[in-house]
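Each residue of the sequence shown is one higher than the one before, counting from 3 in our numbering.
All residues carry an ideal CB built from backbone N, CA and C; glycine is no exception.
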Amino acid sequence: MGIASRRTGWLTPKFHTAFRSILEINPERYAVAVPAYCLMPDHIHVLSAGMNPASDQTLWSRAVRRRLNAELHPFSLQKQAYDHVLRTNESGADAFTALAHYISENPVRAGLVSTPSEWPFTGSLVRALPGLDPRQPTFRDAWWNYWNALPD
Numbered sequence: 003m004g005i006a007s008r009r010t011g012w013l014t015p016k017f018h019t020a021f022r023s024i025l026e027i028n029p030e031r032y033a034v035a036v037p038a039y040c041l042m043p044d045h046i047h048v049l050s051a052g053m054n055p056a057s058d059q060t061l062w063s064r065a066v067r068r069r070l071n072a073e074l075h076p077f078s079l080q081k082q083a084y085d086h087v088l089r090t091n092e093s094g095a096d097a098f099t100a101l102a103h104y105i106s107e108n109p110v111r112a113g114l115v116s117t118p119s120e121w122p123f124t125g126s127l128v129r130a131l132p133g134l135d136p137r138q139p140t141f142r143d144a145w146w147n148y149w150n151a152l153p154d
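Okay, structure coming up:
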């Protein structure tokens with residue numbers, strides 16, 4: 003999700019806290035988890051996963067965007083987000099982990115920090131895995147074991 007006109011100045015620890023609260027909206031209705039996210043000075047990366055066949059990531063995304071725009075005011079998100087649905091070859095354990103790693107490496111590629119662990123605005127939000135962190139070497143096994151144990 004890009005910030006309109008690539009504006010900066012909105013990314014603060016207070017916004018990060020609000021962002022995490024927004025991601026948790028109505029988990030029973032949407033059944034969506036966020037294994038990886040990264041807030042950058044002018045955009046946001048979110049890797050979400052539907053937790054059951056009835057989950058609705060499209061409605062969840064709309065609700066999140068609406069709440070984020072209210073929280074960002076006077077800033078706002080770009081009108082059109084870049085959403086990408088993972089293909090089968092992108093959703094296996096290694097490919098999924100590589101995508102989470104790519105997201106967490108964003109601040110390093112942008113020259114903001116030397117290592118992903120230095121960036122305070124990266125994380126995960128999976129209720130059943132409160133310590134999950136896409137920057138940690140345990141991410142792949144922790145997420146994949148949890149994901150594969152979910153009922154179909």
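Quiz prompt | Integer Cβ distance of Val110 from Pro118, believed to fall under 8 Å | solution = Working through the sequence shown from its first residue, we reach residue 110 at position 108. Working through the sequence shown from its first residue, we reach residue 118 at position 116. Confirmed, Cβ separation roughly 6 Å.
Quiz item: How should Gly125 be labelled, buried or exposed, when 16 other C-beta atoms within 10 angstroms of its C-beta is the threshold for buried?
Solution: As a first step, residue 125 is located in the sequence shown; it is residue number 123 there, counting from the start. Per the 10 Å Cβ criterion, buried.
Exercise. Please determine if the stretch 62 to 76 and the stretch 97 to 108 are in contact, where contact requires at least 3 C-beta pairs separated by less than 8 Å.
Key: no
Quiz prompt | For His75, the nearest candidate out of Thr99, Asp135, Ala20 (CA to CA) | solution = Numbered from 1 along the sequence shown, position 73 holds the residue referred to as residue 75. Of Thr99, Asp135, Ala20, the residue nearest in Cα terms is Ala20.
Quiz item: Considering only residues of the same chain and omitting the five flanking positions on each side of Leu41, which have a CB-CB separation below 7 Å?
Solution: On the sequence shown, position 39 is the one that residue 41 refers to. Leu13, His18, Phe21, Phe123.
Quiz prompt | Buried or exposed (CB count within 10 angstroms, at least 16 for buried), Arg8 | solution = Taking the first residue of the sequence shown as 1, we reach residue 8 at position 6. When all chains shown are included, Arg8 counts as exposed.
Exercise. Using 10 angstroms around the beta-carbon of Ser23, count the other beta-carbons present and answer buried if the total reaches 16, otherwise exposed.
Key: Within the sequence shown, numbered from 1, the residue matching residue 23 stands at position 21. Looking at its Cβ environment, which holds fewer than 16 other Cβ atoms inside 10 Å, Ser23 is exposed.
Quiz item: Alpha carbon to alpha carbon, what distance is there between Ala51 and Ser57?
Solution: The residue given as residue 57 occupies position 55 in the sequence shown. The residue given as residue 51 occupies position 49 in the sequence shown. Cα to Cα, Ser57 sits roughly 9 Å from Ala51.
Practice problem: Jot down the residue ranges of each uninterrupted alpha helix (DSSP H) in the stretch 36 to 117, minimum 4 residues, whole runs only, in chain order. | Solution: 59 to 74, 95 to 106, 108 to 111
Quiz prompt | Nearest-angstrom Cα separation, counted from Phe77 out to Gln138 | solution = The sequence position of residue 138 within the sequence shown is 136, counting from 1. The sequence position of residue 77 within the sequence shown is 75, counting from 1. Taking the straight line from one Cα to the other gives about 32 Å.
Quiz item: If we count the other Cβ atoms within 10 Å of its Cβ and call it buried at 16 or more, is Asp143 buried or exposed?
Solution: In the sequence shown, counting from the first residue as 1, residue 143 sits at position 141. By the neighbour-count rule (16 or more Cβ atoms within 10 Å), Asp143 is not buried but exposed.
Self-check item: Cβ-Cβ distance between Pro153 and Asn54 below 9 Å
Solution: In the sequence shown, residue 153 corresponds to position 151, counting from 1. In the sequence shown, residue 54 corresponds to position 52, counting from 1. Yes; because the gap between Cβ atoms is below 9 Å, this pair is in contact.
Quiz item: According to DSSP, which residues form a beta bridge with Val34?
Solution: For the purposes of this step, residue 34 is taken as residue 32 along the sequence shown, with counting starting at 1. DSSP, once it has assigned bridges, lists Gly52 as partnering Val34.
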